[in-house]
Every structure is written in C-alpha cells, then in structure tokens.
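S.K.: Using numbering that gives the first Met the number 0, the letters of the sequence shown correspond one by one to residues 0 to 840.
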Amino acid sequence: MTAGEPTVLEIGVQGMTCASCVGRVERGLKKVAGVHDAAVNLATERASVRFDPAQTDARTLIATVRDVGYEPVTAEVDLPITGMTCANCVGRVERALTGVDGVLSASVNLASERAKISYLPATATPGQLRAAVREAGYGVLEQEQETSGADTQRAAREAEVRHLRAQVVFSAVFAVPLLLIAMLPMLWPALERSLMASVGMGALNWIMLALAAPVQFGPGRRFYRLGWASLKHRSPDMNALVMIGTSAAFFYSLVVTVAPQLFPAGTAHVYFEASGVVITLILLGKYFEALAKGRSSEAMKTLLSLQPKEARVLRDGEERLTPVDEVGVGDTLRVLPGESIPLDGEVLSGQSYVNESMITGESVPIQKTGGAAVIGGTLNGNGALTVRTTRVGNDTALAQIIKLVETAQGSKPPIQGLADQVVAVFVPIVLVIAAVTFAAWLWLGGEGALSQALINMVAVLIIACPCAMGLATPVSVMVGTGKAAELGMLFKSGTALEGLQAAQVVALDKTGTLTRGQPELTDLNMSPGFGRADVLRLVASAEQDSEHPIARAIVNAARSEGLPLTAPDSSQAVPGFGLDAVVGGVRVQVGADRYMTRLGLDPAAFEAQAAQLGDEGKSPLYVALDGALAAILAVADPIKDGSREAVAALHRQGLKVAMITGDNARTAQAIARQLGIDQVQAEVLPGDKAEAVRALQQGGQKVAFVGDGINDAPALAQADVGLAIGTGTDVAVETADVVLMSGDLRGVPNALALSRATLRNIRLNLFWAFAYNVLLIPVAAGVLIPAFGLRLSPVLAAAAMGFSSVFVLTNALRLRSFKPPLPPSAPRPQPSEPGGQLAAT
C-alpha cells in the first residue's frame, strides 16, 4: 500500500449501550488526524474507520476508542515460524506481519522461533498472518487449535453475556430483599407497624443502605466509568443519565440515613430501592439485549460456518488434509461425496450434483462435470470430484459474500439520519427536562417537596435512556441483510436496502435477464412422411462446422438428444439465402422462405406455424431434403424459468415493469406480450441504456434497473437502485447495489418484498422508540400527579426502559421468519436428460 492511500479498518467495540455511545465513538475517531470517515454500528458492535495510514495507525485508533470510554476487541496469536537464521530474518518477518491491516504489534523471537502478534480480529485473520509470513519467504508450522477472527469476536460477545449475567445475579441477590423491605410495608400496613415496633425506621434505613451499596458500587460501577467518560467528552449518554439518577437517589438516601435530623419531621424518606433495583433492571435489560443481538447475527454465523477448515490436497501423488489457508491457486483437491467444497475451483474429473442453495438460494442441485465451476462452501452430492482451485482466501465467492454482508450490516440507511439528529441533542435536552422537573416540584411540591422532586427527576433520567433509538435501525438492517443473504440476495449497503422499497418502476434487460442469453432450438415441425430425429440429425450434421449462433443451437439440440452426427460430404453457404450441404448422400438445404421459393418449393404448407413463430418474435427457417420441403424450425433465446412469475409478482406489488434491450422491436414486443411487460424500449445500444433509464426517471419516478452487471454497468449506475443478476461466482459487481446470486429473476420481487418488510420494521422500531420517550417523559416528570395522582416510580421507569429495547430487538428478529412471495425455483430437467434442452413440438 502506498503512503497516503486510504485504508479501512474494522474495530470491534464493547460497552456501547445506546445511540449516544455510537455518536461519541464516531466523533472521537473522526477527530483523529488522518481519519476521513468513521461509522459505528450498535447492533454489530463494530466501528469501520477509513483513514490515511501516513497520518495515523491502528494503535492510535484503538487508544482513541479506549479514551472515549469503550473497549476495543483485540486478540493475540503465537505462530511457530521456520526458516529464520539471523536478525535480518527476524526484521523481515516483523515487517511482513506489521504490514497486514489490523496488526497492532508483532514481536519475533529468533531463539524460540515464534512470533507473537496482537491484532484486530474484525480486520485481520490468523490465515492472513500466516500468508504474510510465507510471502516473506518463511514457513509456519501447523497448530492443533487456532481461533479465527470471527471466533474471537464471538468469544468476546459471549464473555460480555456471561459478565452481564453474573452482574444481574449479584445485583438481584441484594436488590430483591431491598425491594421487599421497601415495598411490602407500604402494601401491608400490619407488617409496617410490626417492623416499626421491633426494628425501627433508623435501623431499617441502615439495613437498606447495606443492601444498596454493593449494587451501587459493584455492578453499578460500570455506569460511573462510562457515564463520567461521556461527561468528560461533553457527550452525555444513557450511562450518564443512569449515573446521575441513581447517584441522586442513593446519596440523598444516604444523607437521610446518616443525618435524619436535617430533614423536617415526616419527610426523611429513603429511596435506596430506586437506585439498587433500577441498576438491576437496567442490567437485566442489557442482558436480554445481548442475548437478542446474538440471535440477530445468526445469518452471519451460518455464512461463516460454511467455510470448511480443511481440504484434501493431492500433492506428489498423495492425498493429505491441509488447512484451507495453506491451499494455493492451482492446487488439486479431492472432494468426497457429502463433503463441502473447500474453495472456488474448476472440476478436473468426476461427476456429481452440488447443492448451491446456501450461496445462490437455488433449491435444485446443479450437475457438475469436467470443466464446470464450483463454489467454496457448497455441498457435494453423491459423486467424488477432483477440483483445481481458482480462488483462495479473500478472493473466494463466499469470502466476498461475507464481506458484502458485513459491509451492509455496518452501513447506515438514510432513515437513520433522523434518529442520529435527534439523539445528538436528546440527552442534553433530557438533562434540562430533569433539572426543570426537580426545580418545579421543589417549588410547587409543598410538604415533602424535596422527596417528590428527587423521585420525579430520577424517573425522568431513567425513562429517557435512548437505548431503543440506537438499536431501532441497525438491528433491523442487520437481521434483514442477513436474511437476504440466506435467500441468495446481497444488499451492498443500508442505502440500497432502503432505496429498493421506494422503487416505482423496474426496468429489465432482456438478454441474460428475462431470457437465458443462449439461443436454443425451440421449435421443429415436420412435413408428413419425415421423422423428427432424422431431420434434426441431418441438419445438425450439415451445420456442425459453422460457428453461427443458430447453427450452434441446432447442433447442441441434436447432441443433447444423443443423435449421432456425421461430417458433411460437402457444405457451402448460399449468400443471402442459407446453407446447401450433402450429408450421407442426402442433400440438405436450410434457409428462409425466399430460399425455398428459389428452390421451387412452396413454404405455404407451414404458413400457420410461420405466423405463430413471427408473433412470438422468432424467425422461422425451412429445411429441404433431396428437394422436398421437410420441416420448419426456429431458434430463439428462450424466456427464463420464473420470468413470467417475476413480472406478475412485480405487478402485484404495484410496480410498472419496463424492458430495455438492444434487440429489434418485433422480438422485444413479442417477449413483452408473453410476459405482460408494460413498456418496451428496443434497439437501444449498450451505451444508451443509461439514457433510457434516465428517461424513465422523468417526473421523479424511482427506477430500479436489473441487468447482468457487466454489459449493463452504465444503466445500473444511473438507476436509483441497480440489481445485478449473478451467477454464483461473479459476486463483485461493482456498479450494482444489489446482487442476486442465482440467475432467477424471481429474486427481484423477493428482494423488493424483503426491502419493504425491513423498512416497515425500522419505521415501527423508530415509532416505538420516539413515542415511548415522548409519552413517558412527561408522565415521569409528574404531569399526571395533580389530576390523577399517578406517579411513574424510578423502578417502573427502569423496567419500561429495558422493555422498550427488548421490544425493538424482538421486533427486528421477526424478519428472520420472512417468507419470500415467490417460492424457490422448481426442479428443472438436468442436462443429461434427453430432451432437457429442447422444447420441440
């Protein structure tokens, strides 16, 4: 990497609890010299930083995250290295390791022949570290167990869950009896009289202090640490609200306990339960959030689990199990029945059916024979395959898919902007409201005004924690994009996810999108007395030396039916008319109707069939054998399976469907009639497709364009959302916003439906998060007390705050049960089946 070239670093961040935390980490990182941009995602607990490596480095960014009060996720690994002989070797290995993005430090010991590396598991992997050592010219010994970057991050999340569970249990041990002592006497007057007579109020206060203090300064210490850091950086967050609220309740109660004589008679009340139970409930809510976050990343876990750890590599005539990180391009692999294919490659020998549904969403296993491409992570069927690797490491289709999903999950859709703007000023406003609440009740509260002012202020601070706001959008994007990946749909960003649901027109390329992109023999009708197999065999034999697409389609059809072809005795083209050949002593003449007329034959016998073919956009050809009119045939680019269903589904979803194609108008109109397409722009040159999309956008219409991602790049870029029809291995379509891994157009309405479902989910989450605060902050401030006597205690406020976050997470998790409007593709004939490639009449 050249100095000054921007690089992107992914940093796992622990300890964030709300949108304010996200904002503080982002602001802290953006202040670092050389940082171009920083985006932090609360749901994935990850920061993505784009910076100039000439001005800053990973260690500075890590220190910044710690400085603003959060803990970056780091990992260490020891690599046993071979081949080092001197200090120069040590320096070369260290330079190679520190040159890997995400490596914080590398220390190599020549005597022990080991390298100790500290790195960011969100950016670097042990496999990349080993590869760097090998590229430097040294070897790395295999190790029994090694933790991957994903495993490290998962372990960190699981450790956080265990820590939260322990804190909740510890707090509950003290908070439950504290709540009982505080609340039961209020509910049971006889118990209150008994306690006052036997124990006394002063002793009870000291007992409650003994129960509240371990909670306040044990598990509650996290709120002091994070809350103070937020105040120090002038960016108060949820932790600051909890810290201020619980501290006010605790220390007020402490003064009442230690010096009750300072308060007027009958007003010396303690509120230790408001601090101890509030902290316990908030921690319980955080614990449930952590569990829900883990479930929201199930799709990513599934993708990661598809990566095989080992491969059967054939070297020097021997088969040996080798870690996939050590397999190179060009290595030969053996894949047994039932095993996952380790890496992308090309089949050298063997035959099997491979289940690619986990990558493409295609439910039907695909036949693989010599020369076929296979995708790493897919499941081999009942045959053994020998495969030559073509892509390894981060270049494989699965690695690119994982990267795309991670990028999308970490991105922010435009709708997030509203939440960010509100949260930026929300906590300061809450602090003002809390202060006004305290002052108002202190002034208007009458007897016990100080107690009322304190409790209402604490309730405001607790109820207003913006946790739900911070989770509303990212967790829905995380679950939605993960579900899309399961269905073979890759959204490159949150912007694409939001943009697709707003589309009003879907413009489709024809060749390769609506149609298969390869001409096929679609029709073959014989005159009386001629056999279909004989006619097809003779025509294919005559055409087999031609490279014309029509000729190739006829030859392929004959071969698919197992017909034996023979070399023609003679063959010559008749310019402007057709072909004249002799096969096995039979004269074969193939061409348009004018050729038959020239030969003295009357094509009127096939007039009805020719008219029908013309209406379907096909060009009929005629066959004469030994001077007799034998057959009419047509070659066309057939409509893909699922195209009709896809167009119908788009219409049901309320969209207009247009077709943009370079084909002639008659063929395009015929295809449009068959599919029910609303608008056709035909004979459009590839360079003019973007202009055709621009024409559809007139009047402010939002247009989604669907193409093959290569020839249609300008149109994909011009459209509001570009969707590329993928092939399973071509996933890095730069200009597309959405990649449909299978070649099935049914993925378009499915992607649109998922986009709409995700945005509905986000809107419901945001509505709940905002409405919850708008409605309950006034209640917590005590506006209902004068008229109805209703008060929201800090304990209930803490429970409501935790419930709001859990509601948002649970609502987002509903997207995991999303059902696409169109089912997976139905089984289709396999290439080996007779007639599988020919729909003849």
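Using N, Cα and C, we set each Cβ at its ideal position, and we do this for glycine too. If you're wondering where the values come from, they're calculated on a predicted model, not measured in any experiment.
Find the nearest neighbour of Arg65 within the set Ala566, Gln13, Gly479, judged by alpha-carbon distance.
M.R.: Gln13
S.K.: Rank Leu765, Tyr270, Lys402 by C-alpha distance to the C-alpha of Asn204 and give the top, closest one.
M.R.: Tyr270
S.K.: Which same chain residues end up closer than 7 Å to Ala572 when comparing Cβ atoms and leaving out the 5 residues on each side of it in sequence?
M.R.: Leu578
S.K.: If you compare alpha carbons, which of Leu282, Ser540, Ala434, Glu405 is closest to Ser804?
M.R.: Leu282
S.K.: Would Asn379 and Val334 qualify as a contact pair, given that the criterion is a beta-carbon distance under 9 Å?
M.R.: yes
S.K.: With a threshold of 7 Å on Cβ separation, who are the neighbours of Gly349 within its own chain once the five nearest residues in sequence on each side are excluded?
M.R.: Excluding the 5 residues flanking it on each side, Gly349 has same chain C-beta neighbours closer than 7 Å at Gly382, Ala383, Leu384, Thr385, in chain order.
S.K.: In whole angstroms, what separates the C-alpha of Gly845 from that of Ser754?
M.R.: There is no way to answer for residue 845, as the model of the chain reaches only from 0 to 840.
S.K.: In the DSSP output, what is Val139 paired with across the bridge?
M.R.: Paired residue(s): Ile80.
S.K.: Between the stretch 769-777 and the stretch 513-529, can you find at least three pairs of beta-carbon atoms closer than 8 Å?
M.R.: no
S.K.: So, for Gly781: in the same chain, excluding its five sequence neighbours on each side, which residues have a beta-carbon less than 6 Å away from its beta-carbon?
M.R.: Asn455
S.K.: Report yes or no: do the stretch 649-661 and the stretch 494-508 share at least 3 C-beta pairs separated by less than 8 Å?
M.R.: yes
S.K.: Tell me the DSSP secondary structure of His268 in three-state form.
M.R.: Coil.
S.K.: Which residue's Cα is closest to the Cα of Arg133: Met83, Phe817, Ser274?
M.R.: Met83
S.K.: Quick check: the Cα distance between Pro637 and Gln517, rounded to an integer number of angstroms?
M.R.: For Pro637 and Gln517, the distance between alpha carbons rounds to 8 Å.
S.K.: Give the secondary structure of Val326 by DSSP, where H, G and I count as helix, E and B as strand, and everything else as coil.
M.R.: coil
S.K.: Tell me which residues share the same chain as Pro890 and place their Cβ nearer than 6 Å to its Cβ, disregarding the 5 neighbours each side in the sequence.
M.R.: Beyond the ends of the chain as shown, which are 0 and 840, falls residue 890; an answer cannot be given.
S.K.: Is it buried or exposed for Asn760, if we count other Cβ within 10 angstroms and need 16 for buried?
M.R.: Counting Cβ neighbours within 10 Å, Asn760 comes out buried, since at least 16 surround it.
S.K.: With DSSP as the reference, please indicate the residues paired to Arg745 in a beta bridge.
M.R.: BP columns for Arg745 are empty, so no partner.
S.K.: So the candidates are Ile340, Thr97, Gly226, Phe766; which of them puts its Cα closest to the Cα of Ile116?
M.R.: Relative to Ile116, the option among Ile340, Thr97, Gly226, Phe766 whose CA is nearest is Thr97.
S.K.: Can you grab the Cα-Cα spacing for the pair Ser450 / His268, in whole Å?
M.R.: 7 Å
S.K.: Is it true that the CB of Asp330 sits closer than 9 Å to the CB of Ala313?
M.R.: With the sequence shown as reference, residue 313 is identified as Leu, and Ala is not the correct amino acid for it. Contact flag set, yes.
S.K.: At which residue ranges does the stretch 424-463 contain complete alpha helix (DSSP H) runs of 4 or more residues, listed in the order of the chain?
M.R.: Taken in chain order, the whole alpha helix (DSSP H) runs of length 4 or more contained in the stretch 424-463 are 448-462.
S.K.: Which runs of the alpha helix (DSSP H) fall wholly inside the stretch 579-633 and span at least 4 residues, in chain order?
M.R.: 592-597, 606-614
S.K.: Please say whether Ala32 and Ala46 have beta carbons closer to each other than 9 Å?
M.R.: It is not a contact, given that the beta carbons lie outside the stated cut-off.
S.K.: Tell me whether Gln678 sits in a helix, a strand or coil according to DSSP, three-state version.
M.R.: For Gln678, the three-state secondary structure derived from DSSP is strand.
S.K.: With distances taken between CB atoms, is the gap from Val241 to Gly226 smaller than 9 Å?
M.R.: yes
S.K.: Which of the three DSSP states, helix, strand or coil, is assigned to Ser19?
M.R.: In this structure, DSSP gives Ser19 a helical state, which the three-state scheme calls helix.
S.K.: Sort out for me which residues DSSP pairs Arg49 with in a bridge.
M.R.: Answer by DSSP bridge pairing, in chain order: Val7, Asp36.
S.K.: Kindly provide the ranges of any beta strand (DSSP E) runs that are 3 or more residues long and lie completely inside the stretch 640-671, ordered along the chain.
M.R.: 655-659
S.K.: Buried or exposed: Asp625, going by 16 or more other Cβ atoms within 10 Å of its Cβ?
M.R.: exposed
S.K.: By the 10 Å Cβ neighbour count, where 16 or more other Cβ atoms means buried, how is Phe787 classified, buried or exposed?
M.R.: exposed
S.K.: Any chance you could list the alpha helix (DSSP H) runs of at least 4 consecutive residues sitting entirely within the stretch 480-529, in chain order?
M.R.: Correct list: 493-500.
S.K.: If we ignore side chains and look at the alpha-carbon of each, how far apart do Leu763 and Val807 end up?
M.R.: When the Cα atoms are used, Leu763 and Val807 turn out to be separated by approximately 8 Å.
S.K.: Which of the three DSSP states, helix, strand or coil, is assigned to Arg233?
M.R.: coil
S.K.: Tell me whether Leu108 sits in a helix, a strand or coil according to DSSP, three-state version.
M.R.: A small correction: the amino acid at residue 108 is Asn; Leu does not occupy that position in the sequence shown. Correct three-state label for Asn108: strand.
S.K.: Closest by CA to Tyr137, which one among Leu179, Leu78, Pro820?
M.R.: Distance check between Tyr137 and each of Leu179, Leu78, Pro820 places Leu78 closest, using alpha-carbon atoms only.
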